[in-house]
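As structure tokens, the structure follows; a few thoughts come after it.
Here it is in structure tokens:
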């Protein structure tokens, strides 16, 4: 569908980069899931703690990602 749309309307030089939407959408979904777990009660509440962490490959040198992997919670 994207290829068909681009034939009709070519990408402009000032077009939005769709990768930003992918990263942002994924982060928002992860936060929404974490919030659902945090608000769960009774049998729906997890028996163990859950850590939600979002690693993005766009950070300089992957420093935060590497540090967490080397020093997990």
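Residue numbers (the numbering used here): 206 to 278. Where is the CB? At the ideal position from N, CA and C, for every residue including glycine.
Compute the distance between the beta-carbons of residue i and residue j, then report whether it is under 8 angstroms.
{"i": "residue 242", "j": "residue 251", "result": "yes"}
Less than 8 angstroms between the CB atoms is what I'm expecting for residue i and residue j, so what's the real figure, rounded?
{"i": "residue 235", "j": "residue 259", "result": "6 angstroms"}
Can you give me the start and stop residues for the alpha helix (DSSP H) that residue i sits inside?
{"i": "residue 266", "result": "It is not in any alpha helix (DSSP H) - residue 266 carries neither H nor E in the DSSP assignment."}
{"i": "residue 207", "result": "207 to 213"}
Can you check whether the C-beta of residue i is within less than 8 angstroms of a C-beta belonging to chain C?
{"i": "residue 239", "result": "In the structure shown, chain C cannot be found, because there is only a single protein chain."}
Would DSSP call residue i helix, strand or coil?
{"i": "residue 244", "result": "helix"}
{"i": "residue 257", "result": "coil"}
{"i": "residue 239", "result": "helix"}
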